[in-house]
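The structure under discussion appears below in the form of structure tokens.
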Amino acid sequence: MTTATANKVKAPKKGFKLDRQMIPTLAAVVIFILMMAMGQAMFGTYLRLGFISDLFIDHAYLIILAVAMTLPILTGGIDLSVGAIVAITAVVGMKLINAGMPAIVAMIVMLLLGAVFGLLAGALIEEFNMQPFIATLSTMFLARGIASMISTDSLTFPEGNNFDFIAEKIKLIDQPKAAHDLSINLGVIIALVVVVFGYILLHHTRTGRTIYAIGGSRSSAELMGLPVKRTQYVIYLTSATLAALASIVYMANIGSAKNTVGVGWELDAIASVVIGGTIITGGFGYVLGSVLGALVRSVLDPLATSFGVPAEWTTIVIGLMILIFVVLQRAVMAVGDKK
Amino acid sequence: ACGSSNSGSSDSGKKVVGFVAVGPEDGFRTANEKDIQQAFADAGFDLKYSPTQQGDQSKQIQAFNKFVNDEVDAIILSSTEDSGWDESLKKAAEAEIPVFTVDRNIDVKDSAAAKAVVSHIGPSNEWAGEQAAEFVNKNFPDGANGFILEGPAGLSVVKDRGSGWDAKVASNIKVLDSQSANWSTDEAKTVTAGLLDKFKSENPQFIFAQNDEMGLGAAQAVDAAGLKGKVKIITIDGTKNALQALVDGDLSYVIEYNPIFGKETAQAVKDYLDGKKIEKNIEIDSKTFDATSAKEALDNGTRAY
Amino acid sequence: MTEKTPIVVMKGITIEFPGVKALDGVDLTLYPGEVHALMGENGAGKSTMIKALTGVYKINSGSIVVDGKPQQFNGTLDAQNAGIATVYQEVNLCTNLSVGENVMLGHEKRGPFGIDWKKTHEAAKIYLAQMGLEHIDPHTPLSSISIAMQQLVAIARAMVINAKVLILDEPTSSLDANEVQDLFKIMRKVRDSGVAILFVSHFLDQIYEITDRLTILRNGKFIKEVMTKDTPRDELIGMMIGKSAAELSQIGAKKARREIAPGEKPIVNVKGLGKRGTINPVDVDIYAGEVVGFAGLLGSGRTELGRLLYGADKPDSGTYELNGKKVNISDPHTALKNKIAYSTENRRDEGIIGDLSVRQNILIALQATRGMFKPIPKKEADAIVDKYMKEMNVRPADPDRPIKNLSGGNQQKVLIGRWLATHPELLILDEPTRGIDIGAKAEIQQVVLDLAAKGMGVVFISSELEEVVRLSDDIEVLKDRHKIAEIENDDTVSQATIVETIANTNVNTGKEA
Amino acid sequence: MAEKAKAQGNTLVKKLLGSNLTWSIVAFILLVIVCTIFQHDFLALSWNTTTGGLAGPLITMLQESARYLMIATGMTLVISTAGIDLSVGSVMAVSGAAAMQTLSNGVNVWVAILIALALGIVIGCINGALVSLLGLQPFITTLIMMLAGRGFAKVITSGENADASAVAGIEPLKWFANGYILGIPANFVIAVVIVALVGLLCRKTAMGMMIEAVGINQEASRMTGIKPKQILFLVYAISGFLAAIAGLFATASVMRVDVSKTGQDLEMYAILAVVIGGTSLLGGKFSLLGSSIGAVIIAMIRKTIITLGVSAEATPAFFAIVVIVICVMQAPKIHNLSADMKRKRALKAQAKAVAA
Ligand SMILES: Nc1ncnc2c1ncn2[C@@H]1O[C@H](COP(=O)(O)OP(=O)(O)OP(=O)(O)O)[C@@H](O)[C@H]1O
Ligand SMILES: Nc1ncnc2c1ncn2[C@@H]1O[C@H](COP(=O)(O)OP(=O)(O)OP(=O)(O)O)[C@@H](O)[C@H]1O
Ligand SMILES: [Mg+2]
Ligand SMILES: [Mg+2]
């Protein structure tokens, strides 16, 4: 009997080393390199150490947000509230510091506050059947509203605060001209830690695998006996807390906070995640892709400036660049499909 | 791998100036930034223009830092926020790149950072708010009720125009309600219609709209409610459309917030780079308009925006 | 045996859905070391009973005692923690993940740095091997294996949990005889280790082979609990359908082969139709009034061939003639326009449109051929829906219910009604009797014969050789994605003939080995 | 007999309680009540002789709701196919900009309207083509279009806020936004008629069913002979067209386009309206009536904010709370609360009995 069974199917082709799911992410790597090379070739400043340093320092917050956004998107959900959570935690944190609270305590309060909003979103989604889009849209309005109710002023650190140790630049390569220094700061290191955290969470914990499973099919995940509800809470809690962390990094960097900070950042984060090859309907994608997506998104603006795009055309050109990017990925995938 | 070390000056030998801008948001902004771009081109600079989106400061900071890394000869900064620039300015100071702030002044705490800012060029928002208050004081010596239409909560322009108003407004002038209409004509119309409904019994007599766009919307709501002429509308900015509306009697008073100072800015940059001493604060004069002066201004056809 | 203490006792279980009482006071008792079958027609409430036990549905009244403790699970996870492993009727796996991960999800082996993938995949390999899937690399994406193999993967997954109760809802519906035997071997082993197994199947042979005890349901009501060995078939069938077994119209004998008249033109004539990687070029003729069976083992390419004939996939070689005219069947729409219909084996993903009503599900294909702006007049639509609901004996007979709330068997009947409503000349049925109760199966088989008698060409794909042999005029035998033989199904042909053909033919030469 | 009637009545009540529509209407009425408490003449209507129509808070609310009705209708169809159209706000800006710019350049008013509508359709078709032909994800496609669309609007007016209020011959367009039909705002009447037409188109032909089918299960739909690509293309085109009408409503009411503000954030309002109306963002069954009520509720929330004098700072929070309350009200968990408690108590009693 079993002899017949053994020959039933030829095992699918082996040596299929390059996982098809990784193609879009790889495309992001290639395009990022091409963009930097093009910038360097045409304007000569894109490989300057100063630019590269600033790319990371100025976008540490975006990298953190991209990692945060990857989690809900992998399940087919979304978190629109990250930008607003940056705002409310920044405003609250700054108020606390100005009231004389030590920086570390303020940071913890900020993280907790972010977590509260994540918990609220999770509860709305899981307990009241709200769709993530609507639930996080609501918490976005709520966070932004409360932030502006607390203060609409541009708040700055008081004299002698100890918050900006996060922004303290560490010069790795010090050259006479600032534009050629290679430097990082604690914010960048935090962002990198977050990336590693995201990677481990998604690929080396059961919670992470459950996230992918939910993205594949929520009802299947439930019937497979996976802790779907708990995982959903974890996702929105994590993304909101990471948003608070992004807020800390950004606030330390610029030394001020305001209720209007972070408007539209959720869209940048989503764009980064998508450019990085994660599928918005869930199930496929990588955290590293999102990081690359964030970097690609970050060089779009300077490229537009370098090319001297007229004011009215900038959003069109940036939109087109993202479009070309997505289409290219799609084409690469289609070719991969055929093979 | 630290790039070619060409200086900021472009091949043609022109001086390169980075312009960290807001982007075409409304009539004022468009006029202002076009004027600056034109003026610098005329003065023989190579101006790199970098707008932000949705007034996002983070994009401005990134653009600023990019200009520093590009080693441009000067940076013009039209900031969306008045703080948060210390780190970037420090870097500019280290790279010895002069920064000129335009339109909105910024708060700098760090002394090293403050060194980077050479001069501020622009009109005053507080002054504009004060003018609005004084117009109302003058027109309603016996007191009056009215509304304020604000820009989006939290912008420093909104606050400055508001504090100017607060500083000068008489105690018998009562503001029934102030609401945000997001700088938008269309929202202002809706909001005003609602306010007029709500406060019908209080007999509102003035509306202070913090910009022209909102004032024009308010005027339409007032018109629709059959109150044209009975409610005085004061706006800030002084675009052509507003002046026209002033002539037509839809608006009562327009305070200019003069966006045309590209020439002054270009001159300041040029002077500085030529080693001349320049003033720390170059205030741009603005005018106020009533129906007659508006007609004059429109008729002589010199208004650029 | 009865003196054993039961591990699960369900008493008086009632579950109401809006408008239906799916279960009405049903009892079920499971004993360790026994295989227990839930028996009943499509829609009797078997799956619902299982979902009640595992907490997927909340019960309206009744009690559940597991291992001596009153329990009310809050979903599969809870039930699993209490030692109940379940494979539900519709395959519930994640197609975006690999086979190995699907097996191990939630039970991945952990090392010092979180999940240890190497160990996890090794473990997965062992569980897969148990199910006879040792040839499948755990890294293979689940989406690239057929539905039948997915079902085996789902069962492998249930083995991972060290369960006291193992529930298998129609696990054999898409398996062939070999796999069923493999599965039974495992079930016996598991049973002997003291696990209680709850099993659902519509195949009476399997029931008598593997089970010890039966609980019979009818229309959501508890009928009786009996020992298998004490219950003759006729009596069992009688209890299940509520009438005597004799009344059941069985088509016992093999149908007489329809001879093709010399010079007769086929409806469909394809030459060299193939698609790289899925099926090698094949020639097929199908005549009016003829039933052509596709036989083969799992993954032999029957489904793929059916899909190519329907234009669901694009072939990369071959010619396609319809009634003597060359056609380009590029998509299902064109196929339907050309009066070709295809009923899928993958009911959930490619068949039903879950939230639409039964009525809409019946009408939709006909509507699609007419185009969206030519709606079917209401009267005509009512008549069509009424006709096929009756003809296919869909229960409940309420066309306005969402199709997803029907039991699996009834969904299948609605789908066949859908294709009949388009009046096809060629009807391709891929596993049409999968998961169908004995009564309905006979009905569907009769429908196939009637259709052929009326002049329709039918392609009949089934994993049950028995019905292929009984219904077909010609049998195309496939192996490893090649057509290896075309058998004229006359009196000399039996199931054994086909099995031998498959076993003895070498795919590459096409010759008997 | 009587019992049967009662039972029927009971199921009717249950059905009503389970329906999203009921809860939307309840929410609307609650908002009106709150407003009336704060402003006693909130419901009062008067005749305004200057405009020749009714006047009063409710009327201005209806006037504003017209544009939401338009974009919510298009959004409903798109969402039903399991897509999303984030570009509607920008399309409003583009069509408004086109109309105002051409008008101030002296183009005939009808031609201007046609150009505006055509541009809306074109953008919708581009979205449709990208989603259906190239198979791009709707979210990201329309997000790109949202960015680019705003740019187009700025390009059309060269970054200015084109004003056509002083142009001659614009009365017809002005009337669309500000006029009255039998005392009721013309734009509201037009919007309702358009929604009704779309509703008829969907339900009297098979279009509605096919849209839903594609949203529920695209592959199964393809297997039934539906052409999902065609359907996808169609819904985005319709959404673009309706957004263009909304853009005309928004700009014609003041005869001025605000390239960076017109339609800003309205895609979010439209999505909210659709969800409040009971259509799932996962696609599938849709209810145009529900979305329409959702659209009016959005206008009503904004009216409430003005009536209560909620300060600018607190507006977003207030909005969020109202939305959360409405959505929670609609949650099945809340409706079934009492039944669920009863069931649980009964089960507990039974479990005890068993244990004993
Ligand atoms: N979620 C639901 N909502 C409404 N009715 C349902 C739902 N699930 C099942 N039903 C109804 O409950 C009854 C029992 O269905 P069930 O799936 O348990 O049947 P079954 O015995 O498993 O049949 P089959 O052999 O076809 O799988 C059917 O009439 C079905 O229509
Ligand atoms: N979605 C898919 N992607 C890639 N390969 C597939 C897919 N579905 C099936 N295959 C492969 O194609 C081959 C033919 O499968 P097919 O489903 O046609 O077999 P079959 O004879 O119909 O058997 P059954 O339906 O009983 O599994 C198998 O080897 C299978 O692994
Ligand atoms: Mg079942
Ligand atoms: Mg098959």
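Protein chains in written order, with our numbering: chain A, 4 to 342; chain B, 6 to 310; chain C, 912 to 1424; chain D, 14 to 369.
Glycine included, each C-beta is placed from N, C-alpha and C at the ideal position.
Name, in chain order, the residues that DSSP records as bridge partners for residue i.
{"i": "D:SER65", "result": "Reading off the sequence shown, one finds Gly at residue 65 of chain D, where the question assumed Ser. Its beta-bridge partners do not exist; DSSP assigns none."}
{"i": "B:LEU82", "result": "B:VAL25 and B:THR106"}
{"i": "A:ILE36", "result": "DSSP output for A:ILE36 lists no bridge partner at all."}
{"i": "A:MET72", "result": "According to DSSP, which records beta bridges pairwise, A:MET72 is partnered with nothing at all."}
{"i": "A:SER186", "result": "A:LYS174"}
{"i": "D:LEU210", "result": "DSSP output for D:LEU210 lists no bridge partner at all."}
{"i": "C:VAL1076", "result": "C:ILE995 and C:ALA1107"}
{"i": "D:GLN231", "result": "DSSP output for D:GLN231 lists no bridge partner at all."}
{"i": "C:ASP978", "result": "The partner list for C:ASP978 (beta bridge, DSSP) is empty, contrary to what the question assumes."}
{"i": "D:ILE72", "result": "None, per the DSSP bridge assignment."}
At a Cβ threshold of 9 Å, is residue i touching chain A?
{"i": "B:ASP78", "result": "no"}
{"i": "B:GLU218", "result": "no"}
{"i": "D:GLU77", "result": "no"}
{"i": "C:ARG1068", "result": "yes"}
{"i": "D:SER266", "result": "no"}
{"i": "D:GLY108", "result": "Position check: residue 108 of chain D holds Ser in this sequence, whereas Gly was assumed. It does not: the Cβ of D:SER108 has no partner Cβ on chain A nearer than 9 Å."}
{"i": "D:ILE153", "result": "yes"}
Less than 9 Å between the beta carbons of residue i and residue j, yes or no?
{"i": "C:ALA1034", "j": "C:MET1015", "result": "yes"}
{"i": "B:GLN58", "j": "B:LEU154", "result": "no"}
{"i": "D:ILE169", "j": "D:ALA175", "result": "yes"}
{"i": "C:MET960", "j": "C:MET1151", "result": "no"}
{"i": "C:GLY1017", "j": "C:ASP989", "result": "no"}
{"i": "B:THR197", "j": "B:PHE152", "result": "yes"}
So is residue i in contact with chain C if we call contact Cβ pairs under 9 Å?
{"i": "D:LYS346", "result": "no"}
{"i": "D:ALA226", "result": "yes"}
{"i": "D:ARG80", "result": "no"}
{"i": "D:THR237", "result": "yes"}
{"i": "A:PHE287", "result": "yes"}
{"i": "D:ASN33", "result": "no"}
Kindly say whether residue i, judged by its beta-carbon, lies nearer than 9 Å to any beta-carbon of chain D.
{"i": "B:ALA299", "result": "no"}
{"i": "C:PHE1284", "result": "yes"}
{"i": "B:ASP228", "result": "yes"}
Does the distance between the C-beta of residue i and the nearest non-hydrogen atom of ligand 1 fall short of 8 Å?
{"i": "D:VAL267", "result": "no"}
{"i": "C:GLN982", "result": "no"}
{"i": "A:LEU323", "result": "no"}
{"i": "C:MET960", "result": "yes"}
Shorter than 8 Å, the distance from the beta carbon of residue i to the closest heavy atom of ligand 3, or not?
{"i": "C:GLU952", "result": "no"}
{"i": "C:ASP1080", "result": "yes"}
Complete runs of the beta strand (DSSP E) confined to the region 913 to 966 of chain C [at least 3 residues]: 919 to 928, 931 to 941 and 946 to 950
Segments assigned alpha helix (DSSP H), at least 4 residues, entirely inside the region 220 to 292 of chain B: 245 to 252 and 267 to 278
Just list the alpha helix (DSSP H) runs in the region 247 to 301 of chain D, keeping only unbroken ones of 4 residues or longer that don't cross its boundaries, in chain order. 279 to 289
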